[in-house]
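Undergrad:
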Amino acid sequence: MLKRYDGIDAYAFHLRSLRKQLAMVGQEPVLFNCSIRENIAYGCESCSFERIERAAKIANIHDTITSMPEGYETRVGERGIQLSGGQKQRIAIARAIVREPTVLLLDEATSALDSESEKVVHLG
Numbered sequence: 001m002l003k004r005y006d007g008i009d010a011y012a013f014h015l016r017s018l019r020k021q022l023a024m025v026g027q028e029p030v031l032f033n034c035s036i037r038e039n040i041a042y043g044c045e046s047c048s049f050e051r052i053e054r055a056a057k058i059a060n061i062h063d064t065i066t067s068m069p070e071g072y073e074t075r076v077g078e079r080g081i082q083l084s085g086g087q088k089q090r091i092a093i094a095r096a097i098v099r100e101p102t103v104l105l106l107d108e109a110t111s112a113l114d115s116e117s118e119k120v121v122h123l124g
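Numbering (UniProt numbering), first residue to last: 1 to 124.
(1) Below 8 angstroms between beta carbons: does that hold for Ile52 and Arg37?
(2) State the Cα-Cα distance for the pair Ile40 and Leu18, rounded to the nearest angstrom.
(3) Would you check if the segment 25-32 and the segment 75-94 touch, i.e. whether three or more CB-CB distances between them fall below 8 angstroms?
(4) List the endpoints of the continuous beta strand (DSSP E) containing Val76.
(5) Is the segment 57-69 in contact with the segment 7-14, if contact means three or more CB pairs nearer than 8 angstroms?
(6) Does the beta-carbon distance from Ala94 to Met24 come in below 8 angstroms?
(7) According to the neighbour-count rule (16 or more other Cβ atoms, all chains shown, within 10 Å of its Cβ), is Val98 buried or exposed?
(8) Can you name the start and end residues of the beta strand (DSSP E) that Ala23 belongs to?
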């Protein structure tokens, strides 16, 4: 159990403040029936397009997105049905990165990625 965070007693933090510093991506990413841009920006109150694009580049999904006819405005369908498992995971990773967390937890979050994409994500 976490007792200290960056040398400070974890109980000294407000829960909301602590949650803003953490992001997690699981093995089964959750995507919403909206655009890729909206899926990446979900939960980020002040995300500029440049910030979304930067997160997508770090997650190694930017080139895939820009090759789609509607780019970042491409609708992913219910639960991301229009995308492959690896594409869904990279979008979920971009969503976590766009929040600029201090700690990024990846729980089997790269399991559907090819080895090159996994390497790029880890080196981010």
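By construction, the Cβ of each residue, glycine as well, lies at the ideal position given by its N, Cα and C atoms.
TA: Based on what the coordinates show:
(1) In this structure, Ile52 places its C-beta atom within 8 angstroms of the C-beta atom of Arg37.
(2) 21 angstroms
(3) yes
(4) Premise fails: Val76 is in no beta strand (DSSP E) and is neither H nor E.
(5) Inter-segment contact for the segment 57-69 and the segment 7-14 is absent: fewer than three beta-carbon pairs are separated by less than 8 angstroms.
(6) No. Outside cutoff.
(7) buried
(8) Note, Ala23: beta strand (DSSP E), 22-25.
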